[in-house]
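The numbering of the first sequence is the working numbering, which starts it at 135 and goes up by one. The beta carbon of each residue, even a glycine, is placed where N, CA and C say it ideally should be.
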Amino acid sequence: MADSEFYQNVYDLVRQIPEGRVCNYGLIARYLGSGRSSRLVGWAMNASHGEPKPVPAHRVVNRMGMLSGKAHFQTPTLMQELLEKEGIVVVDDQVQNFESVLWNPFQELSV
DNA sequence: CTCTTGACTGGTT
DNA sequence: GAACCAGCCAAGA
């Protein structure tokens, strides 16, 4: 259940992602301690729907910068719209300049 | 209790 | 360079 701090850590970390930036599951998973538990991040995001606080899951994409979780949003186009609204260029469900908008918790939070 | 699926990644073939 | 296999944790059937 959401008792695990892992979920809260994921939500908190995702909420710390600034606008115009995106993060990938593996990076979040690695920051939390498990580099290959990226599936848990995805599952945590799936549970984020019932969270009282809004989670900017649209800023979370897979390692290739693809909007893998867009289908889990209210609308399949909401994710792209939100990203483009924040200044992120999305083409064919892929984030352009992915490395430029990629947000690294290690670099940003560990400075 | 066992098996399958899932918003994933990395390494090997 | 693309495709397949293996690993990780959790929840639903």
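| said: Need the endpoints of the alpha helix (DSSP H) that residue 146 sits in, please. | reply: Here residue 146 refers to the residue found at position 12 when the first sequence is read from its first residue. Looking at the DSSP string, the run of the alpha helix (DSSP H) that includes residue 146 is 139 to 149.
| request: Find out if the Cβ-Cβ distance for the pair residue 155, residue 235 is shorter than 7 Å. | output: Here residue 155 is taken as the residue at index 21 of the first sequence, counted from 1. Here residue 235 is taken as the residue at index 101 of the first sequence, counted from 1. The answer is yes: Cβ separation under 7 Å.
| message | Applying the 10 Å Cβ sphere with the 16-neighbour rule, what's the burial state of residue 182? | response | Position 48 of the first sequence, counting from 1, holds the residue named residue 182. Residue 182 should be labelled buried.
| message | In this structure, how does DSSP classify residue 223 when only helix, strand and coil are distinguished? | response | Taking the first sequence and counting its residues from 1, one reaches residue 223 at position 89. Under the three-state reduction of DSSP output, residue 223 falls in the coil class, being neither helix nor strand.
| said: Less than 7 Å between the C-beta atoms of residue 229 and residue 194, yes or no? | reply: Within the first sequence, residue 229 is the residue found at index 95, counting from 1. Within the first sequence, residue 194 is the residue found at index 60, counting from 1. Result no, Cβ atoms of residue 229 and residue 194 do not sit closer than 7 Å.
| request: Give the range of the alpha helix (DSSP H) segment to which residue 179 is assigned. | output: Position 45 of the first sequence, counting from 1, holds the residue named residue 179. Looking at the DSSP string, the run of the alpha helix (DSSP H) that includes residue 179 is 172 to 181.
| said: Quick check: the Cα distance between residue 136 and residue 142, rounded to an integer number of angstroms? | reply: By 1-based counting over the first sequence, the position of residue 136 is 2. By 1-based counting over the first sequence, the position of residue 142 is 8. Annotation note: pLDDT 44 at residue 136 (below 50); position unreliable, coordinate value reported separately. Cα to Cα, residue 136 sits roughly 8 Å from residue 142.
| CA-to-CA distance, residue 202 to residue 172, given in whole angstroms | Along the first sequence, read from residue 1 onward, the residue named residue 172 stands at position 38. Along the first sequence, read from residue 1 onward, the residue named residue 202 stands at position 68. Going by the C-alpha atoms only, they are around 13 Å apart.
| query | Below 7 Å between beta carbons: does that hold for residue 178 and residue 144? | reply | Counted from its first residue, the first sequence places residue 178 at position 44. Counted from its first residue, the first sequence places residue 144 at position 10. Yes, the Cβ-Cβ distance between residue 178 and residue 144 is below 7 Å.
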